[in-house]
Amino acid sequence: MTQIRDDFRSDTVTRPSAGMRRAMAEAEVGDDVFGDDPTVQRLEAAVAERLGKAAGVFMTSGTQSNLLALLAHCGRGDGYIAGMEAHCYAHEQGGAAWIGSLQPQPVPHQPDGTLALADIEAAIGDDDPHVATTRLVALENTFHGKVMPQVWIGEATALARAHGLATHLDGARVFNAAVAGNIDVAEIARPFDTVSVCLSKGLGAPIGSVLVGEAALLAKARRLRKALGGGLRQVGILAAAGLYALEHNVERLADDHANARRLAEGLARIPDLAVTPPDTNIVWVSVAPARSKAFSDFLGAEGFGVTGGYGKTQQRWVTHLDVDSAAIDRAIAAAERFFSA
Ligand SMILES: Cc1ncc(COP(=O)(O)O)c(C=O)c1O
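In structure tokens:
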């Protein structure tokens with residue numbers, strides 16, 4: 000198999016920079032289950048403050064963070080509303096159902112990724128004994144790389160509150176949304192009770208997410224995290240990477256977005272490709288079915304990592320810290336070479 004040189008599969012593939020590794024090596028640590036790790040505490044406080052929330056809990060992954068948010072908000076048999084393609088419903092093995100005994104109440108997405116308010120309202124289970132009692136509405140921003148409209152977020156969370164429901168944001172890439180929308184990330188977070196933020200995607204840390212929200216709920220999530228085997232010990236080493244990422248890698252997400260736009264513009268010039276203009280760092284490309292597999296094979300042989308293909312006609316190209324402007328040039332040139340042959 001050809002080695003991947005230009006890895007567009009995901010923004011999770013970044014490797015920690017020399018500066019980040021130095022920060023990790025020098026981190027002050029302690030046993031975090033005893034509450035003794037000062038670097039973890041600094042990270043939790045820093046993310047909470049940045050998002051305008053009272054408290055944070057360091058999690059090993061976005062999946063763990065979403066799951067613990069859902070479990071902290073809901074009890075066994077309760078329902079949570081999420082998009083049919085939301086990560087916390089469709090791409091986390093249904094953990095909330097089989098680990099937490101929660102009842103998902105999925106709602107279809109509109110073409111722009113939002114959920115229709117009428118659909119959310121119709122999915123809310125209340126006193127009817129035939130249906131699960133809804134406790135939570137979970138939204139996602141960015142969703143498939145799209146920045147969700149602030150007005151819609153305001154309306155959807157207000158609707159949830161009007162029905163006495165809690166709200167959670169899967170903000171795995173919420174900093175991408177903030178940078179692309181030129182809006183304070185705390186403004187995006189404001190209407191939500193909890194927000195999960197990933198450090199190991201565009202921010203370039205090797206691991207970690209932080210769940211933020213109100214203190215008592217976060218204390219519950221921290222307790223549940225231990226039951227799931229997520230009690231962490233001297234993980235200041237990992238939290239230091241997160242702190243470094245917050246300090247150095249947020250504003251530069253604009254570079255990833257610019258690279259994604261340039262990649263999209265280059266690929267869109269090829270008649271066999273239909274490209275959705277990206278809001279952030281994820282470019283969706285539909286390949287003419289007759290050329291799809293051959294194009295994927297070609298890209299693989301040329302050292303490009305791209306998600307999709309092999310029978311499927313849609314590809315996902317993700318830009319990040321470790322694909323620079325030269326990688327964008329190489330990708331566009333390779334695609335032009337393939338389709339002009
Ligand atoms: C929107 C979203 N939420 C949550 C996750 C889960 O993160 P992790 O892979 O760290 O479990 C991902 C992962 O790609 C994601 O894209």
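0 is the number of the first residue of the sequence shown in numbering that gives the first Met the number 0; add one for each residue after it. Beta carbons: idealized from backbone N, C-alpha and C, even for Gly.
*Between A171 and ligand 1, is the CB less than 7 Å from at least one heavy atom?*
Your numbering for residue 171 matches position 172 in the sequence shown. Yes.
_Using a Cβ-Cβ distance cut-off of 8 Å, determine whether T275 contacts chain C._
No chain C appears in this structure, which consists of one protein chain only.
*Which ranges would you report for the beta strand (DSSP E) in the region 129-195 if only whole runs of at least 3 residues count?*
Counting whole runs of 3 or more residues, the region 129-195 contains the beta strand (DSSP E) stretches 133-139, 165-170.
*Just curious, the alpha helix (DSSP H) that A220 is in, first and last residue?*
The count along the sequence shown starts at 1 and reaches residue 220 at position 221. Run containing A220: 214-226, per the alpha helix (DSSP H) assignment.
_If the criterion is Cβ atoms closer than 8 Å, does the pair V28 and I236 meet it?_
Taking the sequence shown and counting its residues from 1, the one referred to as residue 28 is at position 29. Taking the sequence shown and counting its residues from 1, the one referred to as residue 236 is at position 237. Result yes, Cβ atoms of V28 and I236 sit closer than 8 Å.
_Straight-line Cα distance separating D77 from L67_ = Mapped onto the sequence shown, residue 67 falls at position 68. Mapped onto the sequence shown, residue 77 falls at position 78. Cα to Cα, the separation comes out at about 14 Å.
*Do you know whose CA, among R49, S295, L272, G99, lies nearest V173's CA?*
Position 174 of the sequence shown, counting from 1, holds the residue named residue 173. The residue from R49, S295, L272, G99 with its alpha-carbon nearest to that of V173 is R49.
*Look up F57 in the DSSP assignment and give the residues it is bridged to.*
The count along the sequence shown starts at 1 and reaches residue 57 at position 58. Its beta-bridge partners are V209.
*Would you report the Cα separation of R315 and G307, rounded to the nearest angstrom?*
As a first step, residue 315 must be located in the sequence shown, where it is residue number 316. As a first step, residue 307 must be located in the sequence shown, where it is residue number 308. Using only the alpha carbons, I get a separation of about 6 Å.
*Are the Cβ atoms of M19 and L210 separated by less than 8 Å?*
Taking the sequence shown and counting its residues from 1, the one referred to as residue 19 is at position 20. Taking the sequence shown and counting its residues from 1, the one referred to as residue 210 is at position 211. Not a contact, by the Cβ cut-off of 8 Å.
_Under the three-state DSSP convention, the category V113 falls into_ = Within the sequence shown, residue 113 is the residue found at index 114, counting from 1. Note on identity: in this sequence residue 113 is Thr, with Val being the wrong assignment. Note: T113 maps to coil in three-state DSSP.
*Between the region 116-125 and the region 154-163, are three or more C-beta pairs nearer than 8 Å?*
A contact between stretches requires three or more CB pairs, one per stretch, nearer than 8 Å, and the region 116-125 meets this requirement with the region 154-163.
_T193: CB within 7 Å of a non-hydrogen atom of ligand 2_ = This structure lacks ligand 2; its bound ligands are ligand 1.
_Under DSSP, the beta strand (DSSP E) around G78 begins and ends at which residues?_
By 1-based counting over the sequence shown, the position of residue 78 is 79. DSSP places G78 in the uninterrupted beta strand (DSSP E) bounded by 78-82.
*Determine the contact status of A81 and A137, defining contact as a CB-CB distance below 8 Å.*
For the purposes of this step, residue 81 is taken as the residue at position 82 of the sequence shown. For the purposes of this step, residue 137 is taken as the residue at position 138 of the sequence shown. Closer than 8 Å, so yes.
*Does the Cβ of E402 lie closer than 7 Å to at least one heavy atom of ligand 1?*
Outside the modelled stretch of the chain, which goes from 0 to 340, sits residue 402, for which no answer is possible.
*asked:* Assuming contact is defined by CB atoms lying nearer than 8 Å, are A179 and T279 in contact in what I supplied?
replied: Stepping through the sequence shown from its first residue, residue 179 is reached at position 180. Stepping through the sequence shown from its first residue, residue 279 is reached at position 280. For A179 and T279, yes; Cβs fall inside 8 Å.
*Where does H86 fall in DSSP's three states?*
Counted from its first residue, the sequence shown places residue 86 at position 87. Note: H86 maps to helix in three-state DSSP.
*Taking just the CA atoms, how far does P107 sit from Y309?*
Locating residue 309 in the sequence shown gives position 310, where the first residue counts as 1. Locating residue 107 in the sequence shown gives position 108, where the first residue counts as 1. Interpretation of Y309 is limited by its pLDDT of 46, a score under 50 that renders its predicted location unreliable; the figure taken from the coordinates is listed afterwards. Distance between the alpha carbons of Y309 and P107 is about 27 Å.
*Cβ separation of V194 and L168, assumed to be a contact under 8 Å, to the nearest whole Å*: For this step, residue 194 is matched to residue 195 along the sequence shown. For this step, residue 168 is matched to residue 169 along the sequence shown. The beta-carbon distance between V194 and L168, rounded to whole angstroms, is 4 Å. This is short enough to meet the 8 Å contact definition.
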